[in-house]
Amino acid sequence: MSIDQTTYAELGEIAGRYPQARSGLLPMLNLVQAAEGRITPEGIEACAEILGITAAEVSGVATFYTMYKRKPVGDYHVGVCTNTLCAVMGGDAIFERLKDHLDIGNDETTADGKVSLEHIECNAACDYAPVMTVNWEFMDNMTPQSATQLVDDLRSGVEVTSTRGPRICTWREAERVLAGFPDDLADEGPAAGHASLVGLGIARERGWTAPRPPELGSASGSDASKEAAVEQADTGRAESETKIDESGADTKHEDDK
Ligand code: FES
Numbered sequence: 146m147s148i149d150q151t152t153y154a155e156l157g158e159i160a161g162r163y164p165q166a167r168s169g170l171l172p173m174l175n176l177v178q179a180a181e182g183r184i185t186p187e188g189i190e191a192c193a194e195i196l197g198i199t200a201a202e203v204s205g206v207a208t209f210y211t212m213y214k215r216k217p218v219g220d221y222h223v224g225v226c227t228n229t230l231c232a233v234m235g236g237d238a239i240f241e242r243l244k245d246h247l248d249i250g251n252d253e254t255t256a257d258g259k260v261s262l263e264h265i266e267c268n269a270a271c272d273y274a275p276v277m278t279v280n281w282e283f284m285d286n287m288t289p290q291s292a293t294q295l296v297d298d299l300r301s302g303v304e305v306t307s308t309r310g311p312r313i314c315t316w317r318e319a320e321r322v323l324a325g326f327p328d329d330l331a332d333e334g335p336a337a338g339h340a341s342l343v344g345l346g347i348a349r350e351r352g353w354t355a356p357r358p359p360e361l362g363s364a365s366g367s368d369a370s371k372e373a374a375v376e377q378a379d380t381g382r383a384e385s386e387t388k389i390d391e392s393g394a395d396t397k398h399e400d401d402k
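According to my numbering, the sequence shown is numbered sequentially starting from 146.
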């Protein structure tokens, strides 16, 4: 069965957003997931046809990234970070508890189709470890107990809100947003949590400021003017780092690198 006309037209709309149409492949694949519930052969063919590339090329991209699914996931796709920091902070225990509680394994979906489970790699949210995601929205500082409560709420239709984001929508709805069709929930909920802002607070307390932005050349500026701008930025950064060192700040993390 081929992909429906509305989706085909929207795939073309996405391709049309980019100077090089094939740059739109990733959001096009998100839209295929929104419409089909997974990356289907029909979706791959449609993307290839619109972009004038081969199905093998589309398939190569779709199989490279783990966020593209070849089999259906649940309405709520639950990720548990089991990368190093989250793992030692409880991520491994959460993942084990959820596998038992849901009676499914990694990359599997509950019989009611509501929840699927995946162990995921570092989400660059280590300051909130152990971290989980639901349809790619963050759930911070989780415990085995709060994780089981979360999946129970999701399965029973209780409204759940991300700890740093909006109300949780379904996986297909989230995929449509990733395809570039907003649901107007982007500004709902907090965008940054306390842990992310601690550094900013310390910088303000100590009067630290960012380097002055360089006078960037115009887009059509010469290579020489761009090089000068880059040099100025490097100088500004070095001056700023010197100021930080002189202020007696703890720069241990720099030494550790
Ligand atoms: S290790 Fe889990 S978010 Fe970084």
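All C-beta atoms in this analysis are idealised placements derived from N, C-alpha and C, irrespective of residue type, glycine included. Keep in mind that this is a model prediction, so the values were computed, not measured.
- With contacts defined by Cβ atoms closer than 8 Å, A207 and L230 do not form a contacting pair.
- Residues with their Cβ less than 7 Å from any non-hydrogen atom of ligand 1, running along the chain, are C226, N228, T229, L230, C231, G236, C267, N268, A269, A270, C271, A274, P275, V276.
- Within its own chain, the residues whose Cβ lies closer than 8 Å to the Cβ of T293, once the five positions on either side in sequence are excluded, are R242, L243, H246, listed in chain order.
- For V303, there is no enclosing alpha helix (DSSP H), as DSSP marks it with neither H nor E.
- In its chain, beyond the 5 residues on either side, A166, G169, M173, I195, L196 have a beta carbon closer than 7 Å to the beta carbon of A160.
- Taking the Cα positions, T151 is about 17 Å away from L323.
- Per the DSSP secondary-structure output, L262 pairs in a beta bridge with V223, E253.
- For F209, the enclosing alpha helix (DSSP H) begins and ends at 200-209.
- With contacts defined as CB atoms closer than 8 Å, D285 and G325 fail to qualify as a contacting pair.
- Counting only residues of its own chain and dropping the five nearest sequence neighbours on each side, A180 has a CB closer than 6 Å to the CB of T152.
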